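K.L.:
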Amino acid sequence: MKYQPVIGLEVHVQLLTDTKIFCGCSTKFGAEPNSQTCPVCLGLPGALPVLNKKVVEFAIKAGLSTNCSITPRSIFARKNYFYPDLPKGYQISQFEDPICQHGWLDIAVDGEQLKRIGITRIHMEEDAGKLVHGELSGPGDGSGVDLNRACTPLLEVVSEPDLRSSDEAVAYLKQLHQIVTWLGICDGNMEEGSFRCDANVSVMPVGSEVLGTRAEIKNVNSFKFVKQAIEYEIGRQIDLIEDGGTVVQETRLFDPNSGKTRSMRSKEEAHDYRYFPDPDLVPLVISEKWIEKSRRELPELPEQRQHRFMKELELPAYDAEVLTSNRSLADYFEAGVAAGGNAKSVGNWIMGEITRALNETGTVIEECPVTPEQLAALLALIDDGTISGKIAKTVFDEMWRSGKTPHTIITEQGLVQVSDSGAIEGLIDEIMAASAGQVAEYRNGKDKMFGFFVGQVMKASKGKANPAVVNELLLSKLKG
Amino acid sequence: MSITVADVEHVARLARLELSPTEKELFAGQMDAILGYVEKLKGLDTDGIVPTSHAVPMENSFREDSTCSSIGLEKALANAPDRAGSFFAVPKVIE
Chain Y
49 MKYQPVIGLE VHVQLLTDTK IFCGCSTKFG AEPNSQTCPV CLGLPGALPV
99 LNKKVVEFAI KAGLSTNCSI TPRSIFARKN YFYPDLPKGY QISQFEDPIC
149 QHGWLDIAVD GEQLKRIGIT RIHMEEDAGK LVHGELSGPG DGSGVDLNRA
199 CTPLLEVVSE PDLRSSDEAV AYLKQLHQIV TWLGICDGNM EEGSFRCDAN
249 VSVMPVGSEV LGTRAEIKNV NSFKFVKQAI EYEIGRQIDL IEDGGTVVQE
299 TRLFDPNSGK TRSMRSKEEA HDYRYFPDPD LVPLVISEKW IEKSRRELPE
349 LPEQRQHRFM KELELPAYDA EVLTSNRSLA DYFEAGVAAG GNAKSVGNWI
399 MGEITRALNE TGTVIEECPV TPEQLAALLA LIDDGTISGK IAKTVFDEMW
449 RSGKTPHTII TEQGLVQVSD SGAIEGLIDE IMAASAGQVA EYRNGKDKMF
499 GFFVGQVMKA SKGKANPAVV NELLLSKLKG
Chain B
-9 MSITVADVEH VARLARLELS PTEKELFAGQ MDAILGYVEK LKGLDTDGIV
41 PTSHAVPMEN SFREDSTCSS IGLEKALANA PDRAGSFFAV PKVIE
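Listed below in structure tokens is the structure:
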């Protein structure tokens, strides 16, 4: 029998606020355990949570950018369960009436037609603390609780079960990741857990309309692992059904070392969360005016920018996509174009030399030592024939190292391109005189020898001869 | 509606309470009486009335995203039954 996988993703997006969602403790990563805590996030009796306004603003931006409608009146709810990392015995979340609902993203897999993936809801909630195992200095083999992360603001983005393959899941996830980092509401660091994903996976016979029982896979903290975990889980469920077994609803943990998922705990009981409205937090009412203000403040989103690059700057689709892969890269590109660079050339240099140099030195585009204006100046020097494209790469490396302007480097190192035909002719004459054998071969029809002469001239000019002039002069001289 | 011992056992487990057989019987009867009383409210006509989530007519209470000082590690751990270094120590949690 053939099976159809059905996948839905729940993504936790940690928001880039300075303070926690319901108290003024810092959210800074890496502080001493439990040093960033107060009665509210410790869950001490009588403490009163107060909502961080920035969290609401970030949630609205996320919702508008994923085509959601913003709920005019939403409330917070308590999700009740016991776990050592949850000091209050409940998590403050949203249940009925989450802040954003009914959105979608269009994803593309391998150049196929766009596919629309529904977003059921986006809600605000607090994170739990962190548990550490087996690394405590104290006695015994217990676990340690660090509540610095408790009460850190999260958005949970829940997709519809519209995804049909691991590739679609990864494409959706990447797009969501791009949007939240582009908006500047999340740093997107998957390793540190700022952007984490749980995958609900089930399989059903092809043609069926009844969804199979799903397993929820946790702990997938990279795009690669998401793909691996989903593929493993699909295979596991199909094998189980084929062998006459049934899939049970449960939480499974992905183990990156083995590439497998394993059962964590049965979910039936854990699911009895007894949600109810949190009386400590008053309802959140978002006016049409507030939504419009947020809409006006939204930056141009990656997809819109990509289309503008294609339409206004006539970039090929591939270039436009790469150059909008993150906001800083797109800003850099536009600054280069604004400084007078030809869009296609600026794009090529960013995707070529600059990306290479960034990767080699482990630098991010924000810290690129060559400014967009300097890059545009370098390209202008190629365009007006002052230097060749080849020399430009040498100049670029020097700009990267020294931070000097291209003009300074060219002047200092005498790299100006020689286009003076008299000087080049002199070089050609010398080379032809010294290579009588090769000249004869060429004249006997061995056209390939032409490259040899070009190489010799360029070498003799230390790369400074204008290649177009060299070609032209060589052709006429070799003809004899 | 009738609350059974099984219902009492279920909510007791969710609340991590250990009850004796006598208590289970006792609470089943009491909870049944309480819920039976509340059941009377179902007779009221509540069409068109928005469910009350909050008793106080108030909305949009915010704080700005600015840091206040935390209480500090020692105070945070002061009431902990057990600690290990800077951590609250709890029995081993296995996932």
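Just so you know, the sequences run in chain order Y and B.
Position one of the first sequence corresponds to residue 49 (the numbering used here), numbered consecutively onward.
Position one of the second sequence corresponds to residue -9 (the numbering used here), numbered consecutively onward.
We treat Cβ as the ideally placed atom computed from N, Cα and C, and that holds for glycine.
If you're wondering where the values come from, they're calculated on a predicted model, not measured in any experiment.
Measure the C-alpha to C-alpha separation of Q504 (chain Y) and I457 (chain Y) and round it to an integer number of angstroms.
P.N.:
25 Å
K.L.:
Starting from S552 (chain Y), follow the alpha helix (DSSP H) in both directions and report where the run begins and ends.
P.N.:
The question about residue 552 (chain Y) has no answer, for chain Y in this structure spans 49 to 528.
K.L.:
For R169 (chain Y), collect the residues of the same chain with a Cβ closer than 7 Å to its Cβ; drop the 5 residues on either side in sequence, then sort them by chain order.
P.N.:
P146, C148, Q149 and V206
K.L.:
Residues of chain B with CB closer than 7 Å to the CB of L179 (chain Y), please, in chain order.
P.N.:
V83
K.L.:
Within the stretch 302 to 351 of chain Y, note down every full beta strand (DSSP E) run reaching 3 residues or more, in order along the chain.
P.N.:
308 to 314
K.L.:
Which one of Y:L63, Y:K525, Y:V88 and Y:P454 has the shortest CA to CA distance from G474 (chain Y)?
P.N.:
Y:K525
K.L.:
With a threshold of 16 other CB atoms inside 10 Å of the CB of A516 (chain Y), please say whether the residue is buried or exposed.
P.N.:
Looking at its Cβ environment, which holds fewer than 16 other Cβ atoms inside 10 Å, A516 (chain Y) is exposed.
K.L.:
To test your reading of the DSSP string, which unbroken beta strand (DSSP E) runs of 3 or more residues are found completely within the stretch 209 to 273 of chain Y?
P.N.:
243 to 253 and 263 to 268
K.L.:
Which same chain residues end up closer than 6 Å to Y380 (chain Y) when comparing Cβ atoms and leaving out the 5 residues on each side of it in sequence?
P.N.:
I413 and P420
K.L.:
With a floor of 3 residues, list each beta strand (DSSP E) that falls wholly inside the stretch 94 to 151 of chain Y, ordered by position along the chain.
P.N.:
125 to 128 and 138 to 141
K.L.:
Candidates Y:L202, Y:T442, Y:E204 and Y:F243: which alpha carbon is nearest K222 (chain Y)'s?
P.N.:
Residue Y:F243 is the option with its Cα nearest to K222 (chain Y).
K.L.:
Do N248 (chain Y) and D55 (chain B) have their beta-carbon atoms positioned less than 8 Å apart in this structure?
P.N.:
no
K.L.:
Starting from the beta carbon of M48 (chain B), find every residue of chain Y whose beta carbon is closer than 9 Å, and list them in chain order.
P.N.:
For M48 (chain B), the residues of chain Y that pass the 9 Å Cβ criterion are V330 and P331, in the order they occur in the chain.
K.L.:
Is S141 (chain Y) buried or exposed, if buried means 16 or more other CB atoms sit within 10 Å of its CB?
P.N.:
buried
K.L.:
Indicate whether P97 (chain Y) and F77 (chain Y) have their beta-carbon atoms separated by less than 8 Å.
P.N.:
no
K.L.:
Thinking V464 (chain Y) and T434 (chain Y) are a contact (beta carbons under 8 Å), I'd like their distance in whole angstroms, please.
P.N.:
6 Å
K.L.:
How should C73 (chain Y) be labelled, buried or exposed, when 16 other C-beta atoms within 10 angstroms of its C-beta is the threshold for buried?
P.N.:
buried
K.L.:
Taking only the alpha-carbon atoms, compute the straight-line gap between L346 (chain Y) and W230 (chain Y) and give it to the nearest angstrom.
P.N.:
10 Å
K.L.:
What are the boundary residues of the beta strand (DSSP E) that L202 (chain Y) is part of?
P.N.:
P201 to S207
K.L.:
Looking at chain Y, is there any beta carbon in it that lies within less than 8 Å of the beta carbon of A2 (chain B)?
P.N.:
With respect to chain Y, the C-beta atom of A2 (chain B) has no partner C-beta closer than 8 Å.
K.L.:
Going by DSSP in three states, V466 (chain Y) sits in which element: helix, strand or coil?
P.N.:
strand
K.L.:
Which residues in chain Y have a C-beta closer than 8 Å to the C-beta of L67 (chain B)? List them in chain order.
P.N.:
N82
K.L.:
Could you name the residues of the same chain whose beta carbon sits closer than 6 Å to that of M21 (chain B), not counting the 5 residues immediately before and after it, in chain order?
P.N.:
I(-7)
K.L.:
Could you tell me if L211 (chain Y) is buried or exposed, where buried requires 16 or more neighbouring beta carbons within 10 angstroms of its beta carbon?
P.N.:
buried
K.L.:
Starting from P47 (chain B), follow the beta strand (DSSP E) in both directions and report where the run begins and ends.
P.N.:
Where P47 (chain B) is concerned, there is no enclosing beta strand (DSSP E), because DSSP gives it neither an H nor an E.
K.L.:
Counting pairs of Cβ atoms below 8 Å between the stretch 297 to 309 of chain Y and the stretch 259 to 278 of chain Y, do you hit three or more?
P.N.:
yes
K.L.:
Mark V443 (chain Y) as exposed unless 16 or more other C-beta atoms lie within 10 angstroms of its C-beta, in which case mark it buried.
P.N.:
buried
K.L.:
Check whether the stretch 193 to 208 of chain Y and the stretch 76 to 83 of chain B are in contact - that is, three or more C-beta pairs closer than 8 Å.
P.N.:
Segments in contact, yes.
K.L.:
Where do the ends of the beta strand (DSSP E) carrying R169 (chain Y) lie?
P.N.:
K163 to E174
K.L.:
Please classify S376 (chain Y): does DSSP put it in a helix, a strand, or coil?
P.N.:
Taken through DSSP and simplified to helix, strand or coil, S376 (chain Y) comes out as helix.
K.L.:
Do W338 (chain Y) and A405 (chain Y) have their C-beta atoms closer together than 8 Å?
P.N.:
no
K.L.:
I want to verify the contact list: residues of chain Y whose CB lies under 9 Å from the CB of V63 (chain B), in sequence order.
P.N.:
The sequence shown places Leu at residue 63 (chain B), rather than the Val named in the question. Chain Y residues near L63 (chain B): E80, P81, N82, S83 and T85.
K.L.:
Residues of chain Y with a CB under 9 Å from the CB of S(-8) (chain B): which are they?
P.N.:
None at all; the shortest Cβ gap to chain Y is about 20 Å.
K.L.:
Short of 8 Å in beta carbon distance, which residues of its chain neighbour L521 (chain Y), apart from the five on each side in sequence? Order them along the chain.
P.N.:
S469, I472, E473 and I476
K.L.:
Touching or not, the stretch 122 to 136 of chain Y and the stretch 150 to 166 of chain Y, by the rule of three or more beta carbon pairs under 8 Å?
P.N.:
The stretch 122 to 136 of chain Y, when compared against the stretch 150 to 166 of chain Y, does not touch it at the 8 Å Cβ threshold.
K.L.:
What does G232 (chain Y) reach in chain B if we use C-beta pairs closer than 8 Å?
P.N.:
Neighbours of G232 (chain Y) on chain B: none; closest Cβ ~14 Å, over 8 Å.
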